[in-house]
Each structure stands twice: as C-alpha cells, then as structure tokens.
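Here's the structure, in structure tokens; my notes come after.
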Amino acid sequence: MGITTRALLKSLWVFHLSTGSCNNCDIEVLDCLTPRFDVERFGIKLVGSIRHADVLLVTGSCNRKSAERLVKLYKEAPQPCLVVAIGECSLSRGMFIPSYNCPKPLDSLVPVSAYIPGCPPKPEAIISGVVKLIQKVKGK
Amino acid sequence: MMKRNDLLSEIQSRFKEDIIELFDKSSHRVYLEIRPGAIIRVAAYIFKDLGARFNIASGIDTRSHIEILYHFTVEAIDLLISLRVKLDRKKPVIDSLTPVCEAANWIEREIFELLGVQFTGHPELKRLLLSDQWPEKVYPLRRDYKEWDKTAVRDRGTK
Chain A
-19 MGITTRALLK SLWVFHLSTG SCNNCDIEVL DCLTPRFDVE RFGIKLVGSI
31 RHADVLLVTG SCNRKSAERL VKLYKEAPQP CLVVAIGECS LSRGMFIPSY
81 NCPKPLDSLV PVSAYIPGCP PKPEAIISGV VKLIQKVKGK
Chain B
10 MMKRNDLLSE IQSRFKEDII ELFDKSSHRV YLEIRPGAII RVAAYIFKDL
60 GARFNIASGI DTRSHIEILY HFTVEAIDLL ISLRVKLDRK KPVIDSLTPV
110 CEAANWIERE IFELLGVQFT GHPELKRLLL SDQWPEKVYP LRRDYKEWDK
160 TAVRDRGTK
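Protein sequence lines correspond, in order, to chains A and B.
Numbering-wise, the numbering used here puts 8 at position 28 of the first sequence, and it's gapless, one number per residue.
In short: position in the second sequence from 1, add 9, done, that's the numbering used here.
As structure tokens, then:
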C-alpha cells in the first residue's frame, strides 16, 4: 500500500450530495454521524466543500438538473475521489426509472466505487458499505 | 364571518351563471366547478372579499379535459374550497390569477411548463423547474407525452 492510499484511507473526508432524493437517505447519513453510530471516531468526517473531500456520497435519482452539477462536482474533486451511491434511487433510480426527469443512472455519469442498497439503507448498512469500500481500496 | 352554508349559498347566488356544479364532499371540503371564463371573478371574490388563503393550484390531464383545481382555504370556518375548471385539451387557455393573487405566479408557471396551459395576463410566463435542455412545446405530464431523449437509459442494467 502506497503512501497516498494510506493517507487517503486513514481518515476519509466525505462530501454529501443529494441529487433529488426524498431526504430519507440523507437522514440516515446524518444518523451515522450523530453520537449513536458516530463514524467520526473512525476519522470519517463530513466536509463542506468537495475540494476537501476524499469521498463523494450521492443520494437521490439524478434528475436532469442535478446530474449536470454532479458531473461538475466530480471534476472539481481532488483525485483519487471515491464515489459511494447510497439508496435505491442512486443505485438504479428505484421507482423513478421511467420518470421524464431521471434519464440516466448515477453510474453512467461518474464511476461508482461502492453501492449501498436500501430504501433507505440503515446506518449499519452504510457503515458496512464504507468498511467494504476501504477493504476494496486496500486491495483485500 | 358567515356560516358555512350561508357562505356557500351566497357564492351560488352571486355566481349563478358561472357555477356548473357544486359538489359538497364533506364538512371541510367543497368542489366548485366553474366556467373557465369566470375564474378571475369567482377567485377574486373568494380571495379578496371572503379573505380566503390561496393554498395551491393543481393540474391534471384527464381523458376529456385538462383540469385545474385552485384550492382556497377559508380559515375562519375551516373550509377548503376547490375551484375546478375544465379546459380544452387541444388549446388549454385560461386567465391568469396572478394579478389577483401574487401567490399564483410560480404554480401557474409550473402548470404551464408541465401541462402546457397558457395563462393569459401572466406577467412572466416562462419555465420554472425544467432543465434548459428540455425542448419547447413538450409537456411531460400530458397523456400523449412521448420520450424525446434518445440517450435516456430505461433499464436497470440487468437481464
């Protein structure tokens, strides 16, 4: 494991983006950060700007307007930037798949490193997803 | 404030020619179908003279008409009055409520972009929410809407 990967995985800084979700996934993400689950003790911290982030958390079904912003944000992120899709909407658009306003799935817009299914996923599922992501990047 | 039934009979006698049907659904809910030409008159009476609150308008494309419901609440007597207008599907045009009630501005813009209803007299009838790439004269909530975007992916990536 090189020094960049080591530094990246030591403490994942997360930028949370909602691309038109119902906010339920966002609430679960918030649950992960609050004292009951408190992922900050593992160094996972929410940051206010994509330029500080290692991970881009995406919730929601990527509507026509937010898809543009998502791609723009991904380009602005310092590389390597890992993308984590949270919830059914960002995985496959869920029930919004025939919607006139949701033409493309998230993984056709940006490369996705981890998928966390659920509607919404439980905080345990999100933490387990993050653990799997770290294992994957470590190459285990 | 007038009692509920007095208020309804007052509206009925005042707009005898404009009201097509009054559907008294429950103690809190009344549907009032009116001629599209009379919308300003009736809405102005309910909004200004009765002091009702304009909640929202909603539009739907039915088989026979494009239908708009304007929802007003008379809070003093806890009554929700929904004004129903039925517009021609081929050429949906109606007077804008914005000069009477500023709150109708954005919802009329939204009904315009999603259902293609023309609101005459609206100060700034342009799109509200759709993306800039959306083609002109394509209305997503119409029954005859066909997908125009050839790049859209409509499967879940599984066989």
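Cβ coordinates follow ideal geometry from the N, Cα and C atoms, glycine included.
Coil, strand or helix - residue i by DSSP
i       : result
I34(A)  : Note that residue 34(A) is Asp in the sequence shown, not Ile. In this structure, D34(A) counts as coil in the three-state DSSP scheme.
D104(B) : strand
K34(B)  : strand
S140(B) : coil
F17(A)  : coil
F76(A)  : helix
Y148(B) : coil
Y40(B)  : strand
K128(A) : Outside the displayed span of chain A (-19 to 120) sits residue 128(A), for which this structure offers no information.
K118(A) : helix
V94(B)  : strand
K57(B)  : helix
I106(A) : helix
L121(A) : What is shown of chain A runs -19 to 120, which leaves residue 121(A) out entirely.
E156(B) : coil
E8(A)   : helix
G40(A)  : coil
G68(B)  : strand
V109(B) : coil
A161(B) : coil
Residues that residue i contacts on chain B, provided the C-beta gap is smaller than 8 angstroms
i       : result
Y80(A)  : P149, Y154, E156
K84(A)  : T160, A161, V162
S72(A)  : R165, G166
S88(A)  : V162
I106(A) : What I106(A) touches in chain B: nothing, since even the nearest Cβ is about 22 angstroms away.
Neighbour list for residue i in chain A, Cβ cutoff strictly below 8 angstroms
i       : result
Q142(B) : R44
Those residues which DSSP pairs with residue i across a bridge
i      : result
T82(B) : R62(B), L89(B)
A94(A) : V64(A)
L86(A) : DSSP, once it has assigned bridges, lists no residue as partnering L86(A).
G23(A) : BP columns for G23(A) are empty, so no partner.
E76(B) : I69(B), K95(B)
I28(B) : I43(B)
Residue i, enclosing beta strand (DSSP E) - first and last residue
i        : result
W(-7)(A) : -7 to -2
T129(B)  : 127 to 129
C-beta contact flag for residue i and residue j at 8 angstroms
i         : j         : result
L26(A)    : V51(A)    : no
S41(A)    : G74(A)    : yes
Y79(B)    : A61(B)    : no
R151(B)   : G125(B)   : yes
L(-11)(A) : I114(A)   : yes
I49(B)    : L41(B)    : no
V35(A)    : S70(A)    : no
L92(B)    : R118(B)   : no
P96(A)    : A65(A)    : Contrary to the premise, residue 96(A) reads as Ile rather than Pro in this sequence. In contact: I96(A) and A65(A) (Cβ atoms closer than 8 angstroms).
I55(B)    : F32(B)    : no
R44(A)    : N81(A)    : yes
I103(B)   : F128(B)   : yes
S1(A)     : G67(A)    : yes
T107(B)   : P144(B)   : no
P103(A)   : D11(A)    : yes
V111(A)   : T(-15)(A) : no
P149(B)   : V94(B)    : no
V109(B)   : A161(B)   : no
I90(B)    : V83(B)    : yes
P100(A)   : E8(A)     : yes
Continuous alpha helix (DSSP H) stretch holding residue i: start and end
i         : result
L50(A)    : 44 to 56
E19(B)    : 13 to 23
N114(B)   : 113 to 124
L(-12)(A) : -17 to -10
Residues that residue i contacts on chain A, provided the C-beta gap is smaller than 7 angstroms
i      : result
R44(B) : Going along chain A, no residue has its Cβ under 7 angstroms from R44(B), so there is no contact; the nearest lies around 32 angstroms.
Contact list for residue i against chain B, beta-carbon separation under 9 angstroms
i      : result
I66(A) : Those within 9 angstroms of I66(A) in chain B number zero; the least Cβ separation is about 17 angstroms.
Partners in chain B for residue i, counting only beta-carbon separations shorter than 7 angstroms
i      : result
I96(A) : Within 7 angstroms Cβ-Cβ: nothing; I96(A) doesn't reach chain B, min ~16 angstroms.
Proximity test, Cβ basis, 8 angstroms: residue i and chain C
i       : result
I114(A) : Absent here is chain C; the protein component of the structure consists of chains A and B.
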